Every structure is written in C-alpha cells, then in structure tokens.
Amino acid sequence: MNRKQMVEAAINDPDTRAEIAADPLVADRTRLYATAASPLLTELAAAGFPGLTEVGQLRGHGDYRSAVPVLVRWLPRVRYLLLAEDIVRTLSVPFARKAAYPTLLAMFRDPPELTDPMRPETSEPPQDHLRTVIGDALATFAGPATADDLLGLVETEAYGDTRAFVVLALPKTKDSRVPGVLMGLLGQPSVAAFAVQALGRLRCTQARDDIAGLLDNPDENVREQARKALKRIDQADRAR
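Letter by letter, the sequence shown follows residues 1117 to 1356 of my numbering.
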C-alpha cells in the first residue's frame, strides 16, 4: 500500500471520519457548505443523482456527464468559495470539457465575488484561490484548440501566480509560440519556476542559456527547477 492509499484508508476509516466530523471547525464548514449547496443538490437529485451531501461525491459515480449542465449553470451563481471550488474540480474531467470550458475560461478572467467566513485573514483572497483552482481545470483541457486562450492568460501578468497550472500545461498545446512565451515568463517571479519546468519538459535548447542564468536566482524553487530543466535539455542534446 502506497502513501496515498494509506491516507485514503485512514480518512475512510469510520472512527477517523467520526473524529473529523466531531471537530467544531469541520462541523461549521459542513453547515456552511450544506446551506450554500442545498438548492444545487436538490437539482442534481432531480437529474438522477439523489442522496448527495457534497458535489464532489459525483466523482465516485464514474460517468456523471448528465450532471455537467447543472453544474455549469450553477457555478457562476455560487458565492461560497468551498462550494465553487468543489464544482470546478468536479468539472475537471474530459467529458465535461465542451460544456465547462467556456464558463471556466470566463471565470478565470473575471471571478465572481466569493466569501468564506472561516477563511483566515492571512490567506490569499478567495477570488485568487478560485482562479488558481480554475487554472488547474483549464490545464486539464489544454490542447491545440485552447492554445490562443491559454497563451493569452499566461501573458497577462496581473494574474500573478494563479497562472501556474496553465503555464505548466502549455507544452500540451503543441503550439510553436509556446517556447517564446515561456522564455518571456522567466523574468516574472510569480511564475518563473513553472516556466522553467515547462521549458524543461519541452527540452527547449534555445532556452538553455536563459535557464542557466537562473542557477543563482534567489528563489530556491527556481534554482531547483533550472537544474532539472538543464539536465533534461542536456540529455536530449546527447541523444540527438
């Protein structure tokens, strides 16, 4: 049993679940979620998915594509952060791409006002958190057809590190503009490490000198990704 399986087994243990449920903070969050999700769960029940207490439980149903239109319709209306996040993650599956992609793209560009009464004040703003989660979803849909959209997102510096997953997914677009765009991101601290990682995946020889220049970057993660990327590029060069 690997670590992930051990964690899942522990979480699914009845005693562990009961202990988690008894935590006052968990109980409060459960109530907030239940209140926000109630009308959506009612609609999902009518669509053939009764008995849900969380949207994410759909992921245990295998093919739940008949629920996708309901989720897409509700997502822009949700104002509780954890429910919105749950919906986005549940839509991050191949069979939801056609229906969900336009809404997710629009919400990355302009996320709605969201709240989470229990969110620590030191945490990033709810809109930024959701944008990161949506970026992860968009990354799963990355391909040649989404290249223009995703390149536009990563080139918008105002989005900061919420672009991280999209940057990492750019190689999947197989677009000739990607190496140049990634090299242009190396000077942006918010995504430099992710751009280096993506260039390494591409074995981008033309970026070698720029990446080597990051070996003394003050950010430890940037330095580490630069070392890994250079190793990949050099291995690819030797194999040619």
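Every residue, glycine too, gets a C-beta built ideally from N, C-alpha and C.
Here the structure is a predicted model, which means the values were calculated and not measured.
In the segment 1240–1325, which residue ranges form an unbroken beta strand (DSSP E) of at least 3 residues, counting only runs that do not cross its ends? none
Would you identify the three-state DSSP class for Thr1169, choosing helix, strand or coil? By one-based count along the sequence shown, residue 1169 stands at place 53. Here Thr1169 sits in coil by DSSP.
Enumerate in chain order the residues of its own chain whose CB-to-CB distance from Arg1175 is below 7 Å, with the five nearest sequence positions on each side excluded. Sequence index remark: in the sequence shown, residue 1175 carries index 59 (1-based). Hits under 7 Å: Thr1206.
Using a Cβ-Cβ distance cut-off of 8 Å, determine whether Asp1252 contacts chain B. In the structure shown, chain B does not exist; there is a single protein chain.
Are Phe1281 and Asp1252 close, meaning C-beta to C-beta below 8 Å? Here the question's residue 1281 lines up with position 165 in the sequence shown. Here the question's residue 1252 lines up with position 136 in the sequence shown. In contact: Phe1281 and Asp1252 (Cβ atoms closer than 8 Å).
Out of Ala1216, Gly1296, Ala1352, point me to the one whose CA is closest to Phe1257's CA. Taking the sequence shown and counting its residues from 1, the one referred to as residue 1257 is at position 141. Checked all of Ala1216, Gly1296, Ala1352; the closest Cα to Phe1257 is Ala1216.
Assuming the contact rule is C-beta atoms closer than 8 Å, Leu1191 and Ala1152 should be a hit. Round their C-beta distance to whole Å, please. Residue mapping note: residue 1191 aligns to position 75 of the sequence shown, counting from 1. Residue mapping note: residue 1152 aligns to position 36 of the sequence shown, counting from 1. 12 Å between Cβ atoms; not a contact.
Give me the residue from Arg1213, Ala1308, Leu1318 with the minimum Cα distance to Lys1288. Residue mapping note: residue 1288 aligns to position 172 of the sequence shown, counting from 1. For Lys1288, the nearest C-alpha among the options comes from Leu1318.
In its own chain, which residues sit with a C-beta less than 6 Å from the C-beta of Phe1310, not counting the 5 before and 5 after it? Within the sequence shown, residue 1310 is the residue found at index 194, counting from 1. Only Ala1280, Val1283, Leu1284 meet the Cβ criterion.
Nearest residue (CA-CA) to Thr1146, options Glu1159, Thr1158, Arg1354, Glu1170: One-based indexing of the sequence shown puts residue 1146 at position 30. Of all alpha-carbon atoms in Glu1159, Thr1158, Arg1354, Glu1170, the one lying nearest the alpha-carbon of Thr1146 is that of Glu1170.
How many Å lie between Tyr1232 and Leu1187 at the Cα? In the sequence shown, counting from the first residue as 1, residue 1232 sits at position 116. In the sequence shown, counting from the first residue as 1, residue 1187 sits at position 71. The sequence given here has Asp at residue 1232, not Tyr. The alpha-carbon atoms of Asp1232 and Leu1187 are separated by roughly 20 Å.
Name the DSSP bridge partner or partners of Thr1231? For the purposes of this step, residue 1231 is identified with residue 115 of the sequence shown, where counting begins at 1. According to DSSP, Thr1231 bridges with Tyr1196.
Under the rule that 16 or more other beta-carbon atoms within 10 Å means buried, what is Gly1316, buried or exposed? As a working note, residue 1316 is residue 200 in the sequence shown. By the 10 Å Cβ count, Gly1316 comes out buried.
Alpha carbon of Ala1274 to alpha carbon of Asp1244, nearest angstrom: Here residue 1274 refers to the residue found at position 158 of the sequence shown. Here residue 1244 refers to the residue found at position 128 of the sequence shown. So the two alpha carbons sit approximately 11 Å from each other.
Leu1168 to Gly1178 span [Cα, whole Å]: Mapped onto the sequence shown, residue 1168 falls at position 52. Mapped onto the sequence shown, residue 1178 falls at position 62. Cα-Cα distance, rounded: 14 Å.
Take the Cβ of Glu1336 as the centre, count every other Cβ of all protein chains shown within 10 Å, and call the residue buried at 16 or more, exposed below. In the sequence shown, counting from the first residue as 1, residue 1336 sits at position 220. That one is exposed.
Between which two residues does the alpha helix (DSSP H) containing Glu1159 stretch? What you label residue 1159 is simply residue 43 of the sequence shown in a count that begins at 1. Element bounds for Glu1159: 1140–1162.
Enclosing alpha helix (DSSP H) for Glu1237 [first to last residue]: The sequence position of residue 1237 within the sequence shown is 121, counting from 1. Where Glu1237 is concerned, there is no enclosing alpha helix (DSSP H), given that its DSSP letter is neither H nor E.
With H, G and I counted as helix, E and B as strand and the rest as coil, what does DSSP make of Gly1176? Translated into the one-based positions of the sequence shown, residue 1176 becomes position 60. In this structure, Gly1176 counts as helix in the three-state DSSP scheme.
Residue nearest to Gly1276 in terms of C-alpha spacing, selected from Arg1247, Asp1264, Ala1261: Here the question's residue 1276 lines up with position 160 in the sequence shown. It is Arg1247 whose Cα lies nearest to the Cα of Gly1276.
Let me know if Pro1242 comes out buried or exposed under the rule of 16 or more other beta-carbons within 10 Å of its beta-carbon. Numbered from 1 along the sequence shown, position 126 holds the residue referred to as residue 1242. Its Cβ being crowded by 16 or more others within 10 Å, Pro1242 is buried.
Of the listed residues Val1270, Asp1139, Pro1185, nearest to Ala1163 (C-alpha basis): Sequence index remark: in the sequence shown, residue 1163 carries index 47 (1-based). It is Pro1185 whose Cα lies nearest to the Cα of Ala1163.
Leaving out five residues on either side along the sequence, give the residues of the same chain with a beta carbon under 7 Å from the beta carbon of Gln1313. On the sequence shown, position 197 is the one that residue 1313 refers to. Non-local beta-carbon contacts of Gln1313 in its own chain, meaning distances under 7 Å to residues more than five positions away in sequence, involve Leu1284, Gln1341, Ala1345 in chain order.
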